[in-house]
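Data first, discussion second: the structure below is written as structure tokens.
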Amino acid sequence: MTTYIYGIVRSSHPSPPVGASGIGDPARPVRMVTAGQLSALVSEAPERLRPRRDDLLAHQNVLSEAGEAGPVLPMRFGSTAPDDKTVAVVLEERADHYTERLAALEGKVEFNVKAAHDEEGVLRRVMSDNPELRTLTEANRLAAGGTYEQRLRLGELVVQAVQGRETSDAVAVQRQLERAADEVSLGPQSAGWLANVSFLVSRDAAAEFIASVERLRYDHPHLDLRVNGPLPPYSFVEPGPAPHAAPTAGH
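When the letters of the sequence shown are read in order and numbered with my numbering, they come out as residues 10 to 260.
Structure, rendered in structure tokens:
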């Protein structure tokens, strides 16, 4: 039976409680595969593994509950190995690397922050910051909207100003929040977001980090900030060299 891997912990980490369940329908029991000083949180893998919402949540819940008792190296959803023996071999082969990363991430969680512009808010901001835009807008208003060329020129300047704000605001988000974090990881760019940044934060500093987010909201009311966390530190697991049939750590 194929083995599904949730994450890697120290072998001294408490075992999952009796009845702990993971992915699948019905949910598969979570157990541990141990090799030396390391263990993997695993279960049997469903025959047809799909990224269904229930399974994604179950995967994250296993990691979150395990993280309450000590550091966990989270695996990507869908990480599998042919069997338990293969998992044990990988734990032995990468023991030094996994042990180092567990030490580095102990007591840490991840917060992911995405930022976008509130359309009306950013337009007010660029108008406030740019005298030329205010002058052109007022001139067009007095001229019953202005000529086509004048309207086109105003639109081009507004687009340029908003794009400039996107760049400067992305920098502001990272700089203000990284003060309360230990490490920063830039996520992939996606449509609709001007910033997608993950922060590695000490559990003891989580409240300070959230307070920093609230200050950022207050200082930049034209920003729409979405915060997800605390999460297992997916973005801060650095996988070692990948042998064949090995589980891959990370997000």
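C-beta atoms are modelled at their ideal positions from N, C-alpha and C, and glycine is treated no differently.
Exposure of residue i, with buried meaning 16 or more beta-carbon neighbours within 10 Å
i    : result
A78  : exposed
K94  : exposed
N237 : exposed
V168 : exposed
R61  : exposed
V27  : exposed
P252 : Because P252 carries a pLDDT of 33, less than 50, the predicted location of this residue cannot be relied on, and no value is offered for it.
R103 : buried
Selection from the options that minimises the alpha carbon distance to residue i
i    : options            : result
T89  : I14, A220, R226    : I14
M10  : R57, H22, N121     : R57
A124 : S21, G201, L234    : L234
V222 : Q172, L161, V122   : V122
H126 : Q69, F218, L203    : L203
G31  : D63, V18, R19, S24 : D63
G201 : A215, E175, L186   : E175
Simplified DSSP state of residue i, which is helix, strand or coil
i    : result
H235 : The question names His, but residue 235 in the sequence shown is Arg. Of the three classes helix, strand and coil, the one that applies to R235 here is strand, per DSSP.
E217 : helix
P38  : strand
N70  : helix
S136 : It should be noted that the sequence gives Met, not Ser, for residue 136. In the structure shown, M136 sits in a helix (DSSP, three-state: H, G or I).
R188 : coil
S24  : coil
S207 : strand
H126 : strand
L111 : helix
G16  : strand
F86  : coil
S199 : coil
E247 : coil
T11  : coil
Separation of residue j from residue i, as counted between CA atoms
i    : j    : result
H231 : E129 : 8 angstroms
V246 : M84  : 9 angstroms
A181 : D228 : 10 angstroms
A113 : D213 : 15 angstroms
R184 : V171 : 20 angstroms
S137 : V51  : 56 angstroms
A189 : L161 : 43 angstroms
N70  : H22  : 17 angstroms
Residue i vs residue j beta-carbon contact at 9 angstroms
i    : j    : result
V210 : P241 : no
V193 : S177 : no
V118 : G76  : yes
G16  : E101 : no
Closer than 8 angstroms: residue i CB and nearest the ligand COA heavy atom
i    : result
V210 : This structure lacks the ligand COA; in fact it carries no ligand of any kind.
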